[in-house]
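**Student:** Dropping a structure here in structure tokens format, bear with me for questions.
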Amino acid sequence: SSEAALVEPTEDEMRALQQARIDDINRKGGIVIEMSGARSAPIKMKLESFRKTGCKPYTRAFRCEGELRTSYPGSELPAETLSHSDRYRKDDQGRWTTD
């Protein structure tokens, strides 16, 4: 077949997509946290680290997991490590996208 074998995204490719997502959030002003009805000033996020923990084939794509550590410079929020799971697939230009 002319179709190349599906190769899962690398940790660097996954990290780049997470960084782009955070850059987009920051460009739009950051995140706002609501607690007991009070809203915080917008908070910028910083991707401290990303670690890929696995990928499984998933209908012409991959379901991939990772851990991302984010911090919130200039705020009182502590850095946190979050589990991450997304479906990764290649677009028509061969670039990885998530949905």
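For what it's worth, our numbering labels the leading residue of the sequence shown as 497, then goes sequentially. Just so it is clear, CB atoms sit at the ideal spot from N, CA and C, and this is done for glycine as well. Quantities reported herein were computed from a predicted structural model and do not represent experimental measurements.
(1) Across which residues does DSSP place A534 in a beta bridge pair?
(2) To the nearest angstrom, report how far apart S532 and D587 are at their CA atoms.
(3) DSSP beta-bridge partners for T506?
(4) The beta strand (DSSP E) that contains G550, what's its start and end?
(5) Check the DSSP bridge columns for I539 and list the partner residues they point to.
(6) Does the region 515 to 526 touch the region 538 to 553, meaning 3 or more C-beta pairs lie closer than 8 Å?
**Tutor:** Considering the structure as presented:
(1) For the purposes of this step, residue 534 is taken as residue 38 along the sequence shown, with counting starting at 1. Beta-bridge pairing links A534 to M531.
(2) One-based indexing of the sequence shown puts residue 532 at position 36. One-based indexing of the sequence shown puts residue 587 at position 91. In a straight line, the C-alpha of S532 is about 41 Å away from that of D587.
(3) Your numbering for residue 506 matches position 10 in the sequence shown. Its beta-bridge partners do not exist; DSSP assigns none.
(4) Position 54 of the sequence shown holds residue 550. Element bounds for G550: K542 to P553.
(5) Within the sequence shown, numbered from 1, the residue matching residue 539 stands at position 43. Paired residues: I527.
(6) yes
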